[in-house]
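For reference, the structure is listed below as C-alpha cells.
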Amino acid sequence: MNAQDDTPVLEARAVSKHFTVRGALGRTSVVRAVEDATVRLRPGQILALVGESGSGKTTLARLLARFYEPTSGEILLRGRTVSAGRDARAYHADVQLIFQDPFGSLNPLHRVRYNLDRALRLHHKSLDAGARRRRVTELLERVSLTPAEDIAEKFPHELSGGQRQRVVIARALAVEPKVLLGDEPISMLDVSIRLEMLNLLQRLREEDGLALLYITHDIAGARYLCDDIAVMYAGQMVESGPKEQLIAAPQHPYTKLLIESSPDPERGFGRREELFKDADELGEPPSLVDPPTGCRFHPRCPFAMAECASKAPPRTELGGGHWTRCWLHAKGRAGELAQTTHAAAMTRRVPQEAAQ
Ligand code: SF4
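Numbered according to our numbering, the sequence shown spans residues 30 to 385.
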C-alpha cells in the first residue's frame, strides 16, 4: 500500500464537539472541546496529532472512533458519511482505538487468550475454536510476543507494560482493521521500550497498509514515526503538513513553541525550564468554556497584533499539503517566525492592550 494514495480511508470533515457540563449551583456551561477540525487519513499514512493536554486531541480521536457523536460536521469512512445509527460493531471492524493505559484496556480477570479470542468471536463469527486458537498464536507472534502459547496463558498482571500494550495491539489487529487510532499509546511505557513500540507500529503500517492516527505531545516521537503532523491548540487545528517541512520551518507560533520546547540533543536545548526561565512566559492553555476571541493563541503569542484578538485567522495554503491559520501570513509577516526563537520573541512582546 503506498502513502501517495490520496483517497482518505477515514476523514473527519469540519467536526465540532461541544459538551454541556453542570457546575456549582446547577449552572450549565458548554465546553467547546473541538471546533471545526478536519483530518484525512490515507491508507498506509501515519499522521501525528500533537498538542498540549486539553487541546482536543483525545476528543477528536474519540469522534473518529465513534465513541462520541459530533455536534456538527461529519465522519466519512472510505468516502461515505457514517450515520449516527450505524452499527458500531461494523464500524469498529474497520477502525480500532488503542488507549494510553494498556492495563485498563484488558480484562484483568481473564487470560490473554480470552482477551484476544473474544475479539475474534465478535468480529469473525465463521472461525471455529481451532482456527481461533491458531489465530491467537499468529497475532501474538506478529507483535513479537513469544513463545506465543505461553503468553496466551498469562493474565494481564503477569506481563510488563510493554507486553500488555502489544497484547492490546494484537487484539486490535484481530479485527483486521483499516485504521488504528493510537491515543498516546506509548506514553505510559518505560522509555527503554518506546522505540520498539514505534518500530512495531511502523512495521504494521508497512505490512498491512494500515492508516494510523498517532496522538502524542512528543514531537520527537512524531518525527520518528509519522509522515505528517497536525497541530491542535485549544480545540482547533492550527497547522498541518509533511513532518520534515513542518518541523524545519513551523509556520504557526504555537507549533514553533512546541518544537522549541521539545528535547533535541542536536539543538542543545529543549527542556521547557531551560528555554523559559520564567514560568509566566509560557502561560496557561485557555479555558474551553470561554475561549479567547479571534485567534485562540493570542493571549500567549509573542507575535500577536490587533487583528489576532478580534478575528479568527484565515487558512493559508503553503504548498505540498502544508497549511496554517495565522495572521502573520495574511499580513506578509511570516518571515519573522524564522528569524527568532519563541523565547526571544516573548522578550520583545508588545503588551496586548498596546497592540489594540
Ligand atoms: Fe499569533 Fe496572531 Fe498568528 Fe494567532 S494569528 S498565532 S495571535 S500572530
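We put the CB at the ideal spot given by N, CA and C, even for glycine.
Review point. So does LEU357 have its beta carbon nearer than 6 Å to some heavy atom of the ligand SF4?
Key: Result yes, Cβ under 6 Å from the ligand SF4.
**Study point:** Buried or exposed (CB count within 10 angstroms, at least 16 for buried), ASN144
**Key:** ASN144 comes out buried.
**Study point:** Pair within 7 Å by beta-carbon distance, ASP130 and MET217
**Key:** Yes; because the gap between Cβ atoms is below 7 Å, this pair is in contact.
Point to revise | Between the CA atoms of VAL63 and THR100 - distance to the nearest angstrom | key: Between THR100 and VAL63, the C-alpha separation is close to 9 Å.
Review point. What is the DSSP secondary structure of LEU126, reduced to helix, strand or coil?
Key: Note: LEU126 maps to strand in three-state DSSP.
Exercise for review: Could you tell me which of ASP237, ALA113, GLU346 and LEU93 sits nearest to ALA359, measuring between CA atoms?
Suggested key: It is GLU346.
Practice item. Please look up how many angstroms separate the CB atoms of VAL50 and SER134, rounded, as I've assumed it's under 8 Å. Key: About 26 Å; that fails the 8 Å criterion.
Exercise for review: Assuming ILE244 and GLY191 form a contact by the criterion Cβ under 8 Å, report the distance between their Cβ atoms to the nearest whole angstrom.
Suggested key: Not really, about 19 Å apart at Cβ, beyond 8 Å.
Practice item. Go through its chain and collect everything with a Cβ distance to PRO282's Cβ below 6 Å, but skip five positions before and after it. Key: If we look at PRO282 and ignore the five residues flanking it on each side, its Cβ neighbours are CYS330 and PHE332.
Practice item. Closer than 7 Å by C-beta to SER339: which residues in its own chain qualify, once you throw out the five before and the five after it? Chain order, please. Key: Only THR322 and GLY323 meet the Cβ criterion.
**Study point:** Reference PRO206, options GLU178, GLU313, ALA240 and PRO37, closest by Cα
**Key:** Nearest C-alpha to PRO206: ALA240.
Check your understanding: Nearest to VAL60 by CA position, among LEU317, CYS355, ALA374 and GLU167, is which residue?
Key -> Looking at the Cα atoms, LEU317 is the closest of the given residues.
**Study point:** Supposed close pair ARG91, ASP35 - CB separation, criterion 8 Å
**Key:** ARG91 to ASP35, Cβ: 26 Å. No contact.
Practice item. Would you please state the rounded distance, in angstroms, between the beta carbons of VAL124 and LEU39? I believe it to be under 8 Å. Key: VAL124 to LEU39, Cβ: 6 Å. Contact.
Check your understanding: In its own chain, which residues sit with a C-beta less than 6 Å from the C-beta of HIS351, not counting the 5 before and 5 after it?
Key -> GLY270 and GLN274.
Exercise for review: Look up MET266 in the DSSP assignment and give the residues it is bridged to.
Suggested key: The partner list for MET266 (beta bridge, DSSP) reads MET261.
**Study point:** For ALA77 and ALA251, the rounded distance between their alpha carbons
**Key:** Going by C-alpha positions, ALA251 is about 6 Å away from ALA77.
**Study point:** Straight-line gap, THR353 to ILE288 (C-alpha atoms, nearest Å)
**Key:** The alpha-carbon atoms of THR353 and ILE288 are separated by roughly 15 Å.
Exercise for review: Would you list the one or two residues that DSSP bridges to GLU346?
Suggested key: Paired residues: TRP352.
Review point. Cβ of CYS337 within 6 Å of any heavy atom in the ligand SF4?
Key: Closer than 6 Å to some heavy atom of the ligand SF4: that describes the Cβ of CYS337.
Check your understanding: According to the neighbour-count rule (16 or more other Cβ atoms, all chains shown, within 10 Å of its Cβ), is LEU224 buried or exposed?
Key -> Counting of Cβ neighbours within 10 angstroms places LEU224 among the exposed residues, the total staying below 16.
Review point. Using DSSP with H/G/I as helix, E/B as strand and the rest coil, what is TYR97?
Key: Reduced to three states, the DSSP call for TYR97 is coil.
**Study point:** PRO342: CB within 6 Å of a non-hydrogen atom of the ligand SF4
**Key:** For PRO342, the distance from the CB to the nearest heavy atom of the ligand SF4 is below 6 Å.
Review point. Does the beta-carbon of GLN265 have 16 or more other beta-carbons within 10 angstroms, so that it is buried, or is it exposed?
Key: Buried, by the Cβ-count rule.
Practice item. Please indicate yes or no: does the CB of PHE332 lie closer than 6 Å to some heavy atom of the ligand SF4? Key: Distance from the C-beta of PHE332 to the nearest heavy atom of the ligand SF4 is below 6 Å.
Check your understanding: According to the neighbour-count rule (16 or more other Cβ atoms, all chains shown, within 10 Å of its Cβ), is ARG195 buried or exposed?
Key -> ARG195 is buried by the Cβ-count criterion.
Check your understanding: Would the beta-carbon of VAL204 fall within 7 Å of that of ALA158?
Key -> No, these two residues do not count as a Cβ contact at 7 Å.
Point to revise | Identity of the residues DSSP links to VAL208 by a beta bridge | key: Per DSSP, VAL124 and ALA240.
Practice item. Determine which residues share a DSSP beta bridge with SER45 and list them. Key: In the DSSP assignment, the residues bridged to SER45 are SER101.
Review point. How would you write the range of the alpha helix (DSSP H) that SER134 sits in, first residue to last?
Key: First-last of the alpha helix (DSSP H) with SER134: 131-134.
Review point. Is LEU227 closer than 7 Å to LEU254 when the C-beta atoms are compared?
Key: Contact annotation: LEU254 and LEU227 have beta-carbon atoms nearer than 7 Å.
Point to revise | Alpha-carbon spacing of LEU242 relative to CYS337, whole angstroms | key: The C-alpha of CYS337 is placed about 30 Å away from the C-alpha of LEU242.
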